[in-house]
Amino acid sequence: MLGPVLLAAARSDSIRRIVSAAPVTRPVVDRFVAGERLDQALTTLRALTDRGLEVTFDHLGEDVTDRGEALRARDAYLELAQALRTTGLGERAEMSVKLSAFGQALPGGDDIAYANVLPVVEAAAEAGTTVTLDMEDHTTVDSTLAILAKLRERFPATGAVLQSYLHRTEDDCRALAGEGSRVRLVKGAYKEPASVALQDKHEVDRAYVRCLRILMEGGGYPMIGSHDPRMVAIAQELARRCGRKPGEYEFQMLYGIRTAEQERLAGAGHRMRVYVPYGTDWYGYFMRRLAERPANLAFFLRSLATR
Ligand code: FDA
C-alpha cells in the first residue's frame with residue numbers, strides 16, 4: 001500500500017527537498033547509486049568486471065524542464081562514452097538513457113530528445129558499445145518507441161525496455177522480437193492507472209512470462225531485467241526450450257540488489273549485466289527502489305531509527 005504513496009512522492013518537489021536534505025539519506029542512497037562522479041562510476045565498473053559482470057550505466061536525471069538541462073544530460077553521456085572509448089571498457093559497459101532527461105517532455109520534445117540522443121548513440125558506437133532507451137511512464141511509450149525506430153535505422157543494436165504491467169506490451173514484444181532487436185523486459189516501476197496497466201502483482205508476473213516467451217521465441221536478443229528468482233528460473237527454462245545458449249540472451253539486475261545472485265549467475269556462465277546509476281540527481285530513482293520493496297524501505301527507516 002505504501003508503494004503508490006512513494007511513487008507519488010517520487011514526483012513531488014517538496015518531498016524531494018526534505019528527503020535530499022536528510023543527513024541519513026546519503027548512506028542509504030549509496031547502496032543503490034555508484035557515486036556522484038564519472039570516476040567513481042568507472043571504479044565501480046572495474047570492480048564489477050573483475051567479478052565477471054557487465055554493466056549498463058545510467059547517468060541519473062529525468063523530467064528535465066528546459067533545453068539547457070537536456071544538453072547537460074547529453075554532455076554527461078558524451079563524456080561517459082569518451083571515457084569508455086579511451087579506457088577500452090566499451091566492450092563490458094553499455095549505456096541506459098531516459099529520454100525525459102534529453103527533453104522528451106518539452107514542447108517539440110520528440111525532436112529535441114532525438115537530436116540530443118543521436119550523438120550519444122553515435123559516440124557509443126565509436127566506443128564499441130550501445131545504448132538502451134529506458135522506459136518511463138505510459139505517456140512516453142509511443143514517443144520512445146518512435147525514437148527507437150529512427151535510431152535503429154542507423155544503429156540497429158540500440159535497445160529498448162518494455163514493461164510487462166502495460167496492457168499493450170505483448171503487442172510491443174511481438175513488434176520488437178525480430179532479428180537484431182535488443183529488448184530489456186521489466187515488470188514496470190511507475191504508478192499507472194488500471195486503464196493502461198495491470199494492477200495485480202500476480203497478473204504482472206504472468207504477463208512477464210508471456211512477454212518473455214515471445215522474446216525468447218523471436219530472433220532478437222532478450223535482456224531479462226528482474227531480481228525475481230522465479231523469472232530468472234523461467235527465463236533459463238525458456239532459453240533452453242528455444243535452443244538459446246548463454247550469450248544469446250542476458251540477465252540484468254540493479255546495482256546493490258541481489259549482489260550474490262548476480263555473481264552466482266555470472267559464475268554459472270550466464271551473461272549478467274548490472275545497471276549502475278551515478279550522478280547527483282538520484283531522488284526519483286531512489287524513491288522507485290523504496291516503493292518496489294518493503295525491505296528497501298525498512299532498511300531506510302532502520303537507518304533513520306539507529307541514528
Ligand atoms: P519484484 O519487485 O516483482 O520482486 C519479486 C521477487 O524478486 C521478490 O519477491 C524477491 O524474491 C526478489 N527481489 C526483488 N527485489 C529484491 C531485493 N531488493 N532483494 C532481494 N530479493 C529481491 N522499470 C521501468 O519501468 N523502466 C525501466 O527502464 C527499468 N529498467 C530496469 C533495468 C533493470 C536492469 C532492472 C533490473 C529493472 C528495471 N526497472 C525498470 C525496474 C522494474 O520495472 C521493477 O520495478 C524492478 O525490477 C522490480 O521488479 P522485479 O522483477 O525485480 O521483482
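One point on numbering: in full-length UniProt numbering, the residue at position 138 of the sequence shown is 138, and numbering is uninterrupted. Using N, Cα and C, we set each Cβ at its ideal position, and we do this for glycine too. Because the structure is a prediction, the values reported are computed rather than measured.
By the CB criterion at 8 Å, A124 and A81 fall inside the cutoff. Relative to ligand 1, A189 has its C-beta within less than 7 Å of a heavy atom.
Taking the C-beta atoms as reference points, R182 is found no nearer than 8 Å to G219.
Contact between T56 and E91 does not hold, since the beta-carbon distance rounds to 13 Å and is not under 8 Å. Distances taken from the Cβ of Y278 to the heavy atoms of ligand 1 include none shorter than 7 Å. Between E250 and R273 the beta-carbon gap is near 6 Å, inside 8 Å, which marks them as a contact.
Distances from the CA of I112 to each of K187, H270 and T144 were compared; the closest alpha carbon is that of T144.
When rounded, the separation of the alpha-carbon atoms in V186 and S164 is 6 Å. When beta bridges are read from the DSSP output, P277 appears opposite D58. Around the C-beta of P193, fewer than 16 other C-beta atoms lie within 10 Å, and the residue is accordingly described as exposed. In this chain, the alpha helix (DSSP H) harbouring R85 covers R67 to T87. Each of T43, A157, I18 and D13 was checked against the Cα of A177, and the nearest Cα belongs to A157.
Short note on S143: C-beta not closer than 7 Å to any heavy atom of ligand 1. The beta carbon of R184 sits closer than 7 Å to the beta carbons of T132, G159, V161, M223, G225 and Q252 from its chain, once the five residues preceding and following it are set aside; these are given in chain order.
For A175, the distance from the CB to the nearest heavy atom of ligand 1 is not below 7 Å. Between V276 and the set D63, I18 and A34, the nearest pair of CA atoms involves A34. The beta carbon of D172 sits closer than 6 Å to the beta carbons of L162 from its chain, once the five residues preceding and following it are set aside; these are given in chain order.
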